[in-house]
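Participant:
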Amino acid sequence: MNKTIRRASVFTLLLVLALLVRATWVQYYDGKALADDQANRRNAIQTYAQPLGNIIVAGSPVTGSARTKGGDLAYKRTYKDGELYAAVTGYASQAYAPTQLEGIYQDLLNGTDSKLKTVLDTVTGKRADPGDVLTTIDPAVQKAAYRALGGNKGAAVALDPKTGKILAVVSTPSYDPTRLTDANTAGAAWKSLTTDKDKPLVNRALRQPLPPGSTFKLVVAAAALENGLYKNVDDPTDSPDPYTLKGTTKDLVNENRSAPCENASIRVALRYSCNNVFGKMAVDLGQDKVRAMAEKFGFNDEEQDVPVRAYPSVYPSGMDEAQTALSGIGQFDVTATPLQMAMVSAVMANGGKLVSPHMVSRITDGDGDVLRDYDGADGEQVVGSDTAAQLRSAMETVVEDGTGTNARIDGVTVGGKTGTAQHGENNSKTPYAWFTSYGKSGSTGKEVAVAVMVEQSDAARSEVSGNGLAAPVARAMMQAALK
59 MNKTIRRASV FTLLLVLALL VRATWVQYYD GKALADDQAN RRNAIQTYAQ PLGNIIVAGS
119 PVTGSARTKG GDLAYKRTYK DGELYAAVTG YASQAYAPTQ LEGIYQDLLN GTDSKLKTVL
179 DTVTGKRADP GDVLTTIDPA VQKAAYRALG GNKGAAVALD PKTGKILAVV STPSYDPTRL
239 TDANTAGAAW KSLTTDKDKP LVNRALRQPL PPGSTFKLVV AAAALENGLY KNVDDPTDSP
299 DPYTLKGTTK DLVNENRSAP CENASIRVAL RYSCNNVFGK MAVDLGQDKV RAMAEKFGFN
359 DEEQDVPVRA YPSVYPSGMD EAQTALSGIG QFDVTATPLQ MAMVSAVMAN GGKLVSPHMV
419 SRITDGDGDV LRDYDGADGE QVVGSDTAAQ LRSAMETVVE DGTGTNARID GVTVGGKTGT
479 AQHGENNSKT PYAWFTSYGK SGSTGKEVAV AVMVEQSDAA RSEVSGNGLA APVARAMMQA
539 ALK
């Protein structure tokens with residue numbers, strides 16, 4: 059063999075080896091990435107080759123699957139009462155990545171989750187029957203919240219304080235996920251929804267933290283009692299009225315200028331929502347102690363999964379004393395979701411203990427066998443039982459004879475706290491109206507904790523208040539939960 063032929067043979071062999079190496083690399087290393095690529099049409103074909111599993115509310119599916127007409131996608135997702143449950147289900151779309159429970163349990167619902175496979179399925183590569191997601195949502199509470207919020211832009215969450223079960227998650231304005239399920243029509247719907255100034259795709263209940271206003275005073279009060287700044291909710295505080303913010307000439311005044319807020323006790327200060335008391339209280343405690351208490355309630359938690367990942371509610375750091383005072387009334391850079399403020403009331407109702415909130419009870423396989431049970435968590439002690447009892451008593455005063463009277467329910471013990479958070483530079487925009495509360499039925503013993511935030515409504519600015527806008531929504535939710 060001459061030199062030219064030998065060199066050509068070696069070069070050809072190297073090319074063959076390079077092709078084998080590349081083919082091996084693509085098959086075994088790039089294969090998964092290519093398979094998971096959203097642009098891979100085969101993924102959608104496989105996902106929608108058969109009906110999906112369902113998301114269940116109170117024993118009945120709120121999702122379904124419908125046969126398509128033509129095309130290579132055999133089925134598409136359908137929704138029952140789509141707008142009502144959108145903040146829970148999210149959407150499963152032939153064109154876009156799934157969200158909320160549809161996204162978290164995508165593999166379970168389409169049958170590709172490894173937990174669904176039998177030994178025979180693993181050997182044959184057969185796709186397993188899809189599983190189901192059983193939620194903790196109470197349809198009566200969900201409907202009550204959705205109807206009560208009405209045309210307002212806002213959100214509401216209800217919890218069972220003893221179990222952590224989320225009974226309602228509502229965000230308004232909502233949207234019908236069915237609009238996004240069909241690849242042929244999803245594009246136009248997506249454009250309409252994403253350009254809507256009211257942002258219907260935003261889950262305001264879990265994923266839009268806003269200043270909580272005076273509802274945050276419950277956290278400051280808990281810090282004051284737990285740290286021994288005051289022994290009980292009826293001790294007078296050292297609180298001048300007005301309170302001048304340290305390092306400034308600005309006074310922290312009260313909405314009700316005639317309220318008895320000078321040196322008011324915690325009970326009186328919560329009843330009249332005295333800014334001077336809680337602003338000074340936060341400064342007296344120091345931001346580190348307030349932050350430590352806030353974090354026990356769940357603030358600054360970047361992994362708050364219910365199982366949908368909630369945006370963290372924030373208590374800031376690095377503040378001066380004036381900013382710390384403002385943080386004490388739920389302003390400055392303090393933000394919270396309705397989920398977080400429902401957790402605050404749940405702690406008070408449950409003797410100071412926080413059970414992790416969750417809106418999925420169980421997941422099951424295609425035969426209905428339980429793959430995982432999420433109920434039964436023990437919870438963690440956030441504040442002492444005595445502190446919780448004292449703050450419950452003070453919250454009940456707020457509802458019986460304070461700023462939260464619109465939450466009263468005959469035959470039910472209700473405690474709550476209103477909040478009206480400033481919005482915009484120099485409070486130039488419509489304030490946010492908040493209400494957080496708990497209720498306990500005297501006849502059934504049932505308990506519930508709720509939080510409501512109304513971001514915008516048709517009410518005149520002078521009529522925007524936690525009691526006027528948010529408390530009636532909370533009342534409707536508590537009535538539904540405690541029947």
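Each residue of the sequence shown is one higher than the one before, starting from 59 at the first, in our numbering. Just so you know, even glycine gets a beta-carbon here, dropped at the ideal spot from N, CA and C.
Go ahead and label R349 buried or exposed: buried means 16 or more other beta carbons lie within 10 angstroms of its beta carbon, across all protein chains shown.
Facilitator: buried
Participant: Taking only three categories from DSSP, how would you classify I113?
Facilitator: strand
Participant: Hey, quick one: how far does the alpha helix (DSSP H) through Y133 stretch, first residue to last?
Facilitator: From DSSP, Y133 is part of no alpha helix (DSSP H) but of the beta strand (DSSP E) over Y133 to Y137.
Participant: For N525, does the count of other Cβ atoms within 10 angstroms reach 16, so buried, or fall short, so exposed?
Facilitator: buried
Participant: Check whether the Cβ atoms of V120 and M535 sit closer than 7 Å, and answer yes or no.
Facilitator: no
Participant: From what residue to what residue does the alpha helix (DSSP H) around M535 run?
Facilitator: Counting along the chain, M535 sits inside the alpha helix (DSSP H) bounded by residues A529 to A539.
Participant: Using beta-carbon positions only, say whether S495 and L540 come within less than 7 Å of one another.
Facilitator: no
Participant: Just to confirm the assignment, what range does the alpha helix (DSSP H) spanning R341 have?
Facilitator: Checking the displayed sequence, the identity of residue 341 turns out to be Val instead of Arg. Start and end: N333 to L343.
Participant: Between the C-alpha atoms of Q398 and F357, what's the straight-line distance to the nearest angstrom?
Facilitator: Distance between the alpha carbons of Q398 and F357: 7 Å.
Participant: Let me make sure I understand the geometry here. Which of N408, P415 and A214 has the alpha-carbon closest to that of Q439?
Facilitator: N408
Participant: Would you identify the three-state DSSP class for Y106, choosing helix, strand or coil?
Facilitator: coil
Participant: According to DSSP, is M401 helix, strand or coil?
Facilitator: helix
Participant: Is DSSP giving K411 helix, strand or coil here?
Facilitator: strand
Participant: Among S123, S403 and R185, which one has its Cα closest to the Cα of Y133?
Facilitator: The candidate whose alpha carbon is nearest that of Y133 is S123.
Participant: Can you check which of these residues, V146, Y163, K184 and A144, is closest to A107 by C-alpha distance?
Facilitator: K184
Participant: Where K475 and K127 are concerned, what is the direct C-alpha to C-alpha distance, given to the nearest angstrom?
Facilitator: One alpha carbon belongs to K475, the other to K127, and they sit about 53 Å apart.
Participant: With distances taken from CA atoms, which of N210, L264 and T306 is nearest A368?
Facilitator: L264
Participant: Determine the DSSP secondary structure at A317, reduced to helix, strand or coil.
Facilitator: coil
Participant: Name, in chain order, the residues that DSSP records as bridge partners for K498.
Facilitator: T471 and E505
Participant: Measuring CA to CA, which of D433, Q389 and R315 is closest to P365?
Facilitator: Among D433, Q389 and R315, the Cα nearest to that of P365 is on D433.
Participant: Note the first and the last residue of the continuous beta strand (DSSP E) segment covering D190.
Facilitator: D190 to T193
Participant: Between L429 and K173, which are expected to be in contact by the criterion C-beta below 8 Å, what is the C-beta distance as a whole number of angstroms?
Facilitator: Going by Cβ atoms, the distance from L429 to K173 rounds to 5 Å, so yes, they are a contact pair.
Participant: Can you give me the start and stop residues for the beta strand (DSSP E) that A202 sits inside?
Facilitator: Run containing A202: none in the beta strand (DSSP E); it sits in the alpha helix (DSSP H), P197 to L207.
Participant: So, helix, strand or coil for P396, using DSSP?
Facilitator: helix
Participant: In this structure, does DSSP put E458 in helix, strand or coil?
Facilitator: helix
Participant: Exposed or buried, D130, counting other C-beta atoms within 10 Å across all chains shown (16 or more means buried)?
Facilitator: exposed
Participant: Under the three-state reduction of DSSP, which class applies to R65: helix, strand or coil?
Facilitator: helix
Participant: Keeping to the same chain, check which residues put their C-beta closer than 7 Å to that of S523; ignore five residues upstream and five downstream.
Facilitator: So the list reads T476, T478 and A491, once near-sequence residues are dropped.
Participant: Rounded to whole angstroms, what is the Cα-Cα separation between L75 and S67?
Facilitator: 12 Å
Participant: Just verifying my parser: in three-state terms, what is the DSSP assignment at A435?
Facilitator: Three-state DSSP puts A435 in coil, outside helix and strand.
Participant: Count the CB pairs spanning the segment 448–464 and the segment 411–424 that are closer than 8 Å, and state whether there are at least three.
Facilitator: no
Participant: Starting from the Cα of N261, find the closest Cα among P235, A281 and S229 and give me that residue.
Facilitator: S229
Participant: Beta carbon of V510, beta carbon of A214: below 7 Å?
Facilitator: The answer is yes: Cβ separation under 7 Å.
Participant: Just checking my contact of A279 with L310 at CB under 8 Å: how many whole Å lie between their CB atoms?
Facilitator: Contact doesn't hold; Cβ gap of about 17 Å is too wide.
Participant: Give every residue of the same chain whose Cβ lies closer than 8 Å to the Cβ of P156, excluding the five residues on either side of it in the sequence, and list them in chain order.
Facilitator: G148, Y149, A150 and Q164
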